[in-house]
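Asks:
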Amino acid sequence: MSGRESSRRFSAALGFLVALVMCAGGAQASGSPIPHGTLELISDNQWIAIGHPFYLGLHFQLEKGWHIYWVNPGDSGEPPRVTWQLPPGLSPGAIEWPAPRRFGTSSVVDFGYQNDVTLIVPVHAESSVAAQPLAHLGAEIKVLVCREMCIPGKTQLSLTLPIKLQPPAPDVRTRELFAAARKDLPRPAPQNWKISVDDATDSFVLAANLGAQIMQASFFPLAEAQIDNAAPQILQPHPSGFQLTLRKSDRLLKPIERLKGVLVLSGNHSYLIDMPVSKRGAQKNNSSSGIDEMQSSREGPQK
Amino acid sequence: MKRSTLYSMLVAVVICTAPLLVAAAKVGETAPDFTATASNGKTFRLQDYRGKYVVLEWHNNGCPYVGKHYKSGNMQRLQKHWTGQSVVWFTIISSAPGKQGYVTASEENEYLTKMQATPTAALLDPVGEIGHLYDAKTSPQMVVINPQGIVIYDGAIDDKPTTDLDDISRATNYVSRALEQAMAGQQVQTRATRPYGCSVKYSDSTH
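For the record, the sequence lines run as chains U and C. Mapping of the first sequence onto the numbering used here: residues 1 to 303, in sequence order. Mapping of the second sequence onto the numbering used here: residues 1001 to 1207, in sequence order.
#1: U:Pro152 touches chain C at which residues, Cβ-Cβ below 7 Å?
#2: Taking the DSSP output, what are the residues bridged to U:Asn45?
#3: DSSP three-state call for C:Ile1130: helix, strand or coil?
#4: Can you give me the start and stop residues for the alpha helix (DSSP H) that C:Asn1109 sits inside?
#5: In the structure shown, what three-state DSSP assignment does C:Gln1085 receive?
#6: By the 10 Å Cβ neighbour count, where 16 or more other Cβ atoms means buried, how is C:Ser1275 classified, buried or exposed?
#7: Could you tell me whether the stretch 39 to 47 of chain U touches the stretch 104 to 112 of chain U, using the rule of 3 or more Cβ pairs below 8 Å?
#8: Would C:Val1027 pass as a contact of C:Lys1052 if the rule is Cβ separation under 8 Å?
#9: For a test of the three-state rule: what should DSSP assign to U:His36, helix, strand or coil?
#10: Please name the residue, chosen from U:Ser76, U:Gly57, U:Phe60 and U:Leu58, that lies closest to C:Pro1064 on a Cα-to-Cα basis.
#11: C:His1132 versus chain U: which residues are under 9 Å apart at the beta carbon?
#12: Does the CB of C:Gly1197 have a neighbour CB from chain U at under 8 Å?
#13: Shortest alpha-carbon distance to U:Gly65 belongs to which of U:Gly31, U:Met149 and U:Trp97?
#14: Closer than 8 Å, CB to CB, is U:Met149 near chain C or not?
#15: Would U:Glu140 count as contacting chain C if we go by Cβ distances under 8 Å?
#16: For U:Ile141 and C:Leu1046, I'd like the C-alpha separation in whole angstroms.
#17: Give me, in chain order, the residues of the same chain whose beta-carbon lies closer than 6 Å to that of C:Asn1109; leave out the 5 immediate sequence neighbours on both sides.
#18: Hey, which unbroken runs of the beta strand (DSSP E) at 3 residues or more fall wholly within the stretch 211 to 295 of chain U?
#19: What residue range is occupied by the uninterrupted beta strand (DSSP E) comprising U:Leu206?
#20: Looking at chain U, which residues of the stretch 1092 to 1121 of chain C have a Cβ within less than 8 Å of any of its Cβ atoms?
#21: How many whole angstroms separate the CB atoms of C:Trp1082 and C:Val1054, which I take to be in contact at a CB cut-off of 8 Å?
#22: Quick check on C:Arg1077: buried or exposed, where buried means 16 or more other Cβ atoms within 10 Å of its Cβ?
#23: For U:Ser218 versus U:Gln233, is the C-beta distance shorter than 8 Å?
#24: Taking only three categories from DSSP, how would you classify C:Ser1205?
#25: Can you grab the Cα-Cα spacing for the pair C:Thr1118 / C:Lys1042, in whole Å?
#26: Considering only residues of the stretch 1012 to 1074 of chain C, which uninterrupted beta strand (DSSP E) runs meet the minimum length of 3 residues and lie entirely inside it, listed in chain order?
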């Protein structure tokens, strides 16, 4: 080996070492590394209080321009998937998905989140968890992170929480993250809204009478391949509400019974919509939906 | 302004808007015709394959969902099996120059050799003309056309929309299912699904 070659090797090794140290430092900052971001498992309470439900959160921090996906990812991509490893007596519910935003072009449109987002999950704590003083919580996450290209990531998260008989106390370190996550959850549509969905051959027409004029509205469908994600949603405001025309997907070959999704109005106020689809005429809002149905639409195949 | 300038502007406008005016392929309807140059230098026209089943496979060699089916050998097995049954298999690359998955003819030929992939041909579609004609959203999106030239399946390759190689053995392959059912004279049960994968990297792609 020549001297020049060995010095080149040495500097290459040094460079590698420096990169490794930098990489470890970056990961340490917050959570586990995922492609172009970090992910951390957090709890809304300081300890698990026996018999009291609590929330776990998956806190994603993504580099600028990169995004992850909503429960319905849209035309491409896939949502994060979680496999929980929890001690007996702790049972996780489904992810409560915040309202997404659109990413896309004239022909391909996706739904998801960028920058900083926390996906929260309710956890039921039975009395049987009392057997141990500490609970070791684990979660294996598979996540697709995309910008112009997509990178699949897989990471193992863990969190240890004390188990106590005392009533729960919120964890001040995570309070803001949970507050932000809850603020972005879609709410049930108010009872006094009158909403109808009509099947109009090539499109669905969502008509809403809310008692106020609406200048901005977009609809995010929970089921895949019902509406054409990339087609413009045509908003026609009127003094007491609006009408939104949603082009049907070319892949929708059969009539659908209900249209479910999230309606986002100006100011980022979002509402769950779950309406029967009628061939003609208006129907009263009987949106009972709730978040349960929204989650059950996808939890099955994720296991 | 000269009349000829005006005329050429008009032509340019018509050309620019043309892809938007052409109705995209739809299940149950005639597959839109196209002519394309393959990586082997030959020209292929869809119309010439009436009388045969044709499979269209949208491809991007940098996409992890495509990688799942090539690293596992699944796509190559499908290509080999179905071309062996006289099915015509076109791999279509609609990535624009500079975007992920864009390849020159020689790069694609090297890839086919390296991966031991044997489609009938790999069609180069850098302007996205065929992609838009079929409203291809993702790679690997799959389309099956019957001998009468009708689209009988459009959507995902299978029912496991993930990048995990382990999922392939557990998946129901929609393309094989459609071909088997159609060849047996049966109705194709699943005719359209959400085509999972990476977005097709057209020239305006940002995600």
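Here a beta-carbon is modelled for each residue, glycine too, at the ideal position from N, C-alpha and C. As the structure is a computational prediction, the values presented were derived from the model and not from experiment.
Replies: In this structure, then:
#1: Under a criterion of Cβ atoms nearer than 7 Å, the residues of chain C adjacent to U:Pro152 are, in order, Pro1064 and Thr1163.
#2: U:Pro170
#3: helix
#4: Ala1105 to Met1115
#5: coil
#6: Lying outside 1001 to 1207, the shown extent of chain C, residue 1275 of chain C is not represented and no answer is given.
#7: With the cut-off at 8 Å, the stretch 39 to 47 of chain U and the stretch 104 to 112 of chain U do not touch.
#8: No, the Cβ-Cβ distance between C:Val1027 and C:Lys1052 is not below 8 Å.
#9: Shown here, U:His36 sits in coil according to DSSP, grouped into three states, outside any helix or strand.
#10: U:Ser76
#11: Ser107
#12: yes
#13: U:Met149
#14: yes
#15: Among the CB atoms of chain C, none fall inside 8 Å of the CB of U:Glu140.
#16: 43 Å
#17: Ser1039
#18: 217 to 221, 234 to 238, 241 to 247, 258 to 265 and 269 to 278
#19: Ser203 to Asn209
#20: Lys1099 and Gln1100
#21: Wrong, their Cβ atoms sit about 10 Å apart, outside the cutoff.
#22: exposed
#23: yes
#24: coil
#25: So the alpha carbons of these two residues sit roughly 15 Å apart.
#26: 1035 to 1038, 1043 to 1045 and 1054 to 1058
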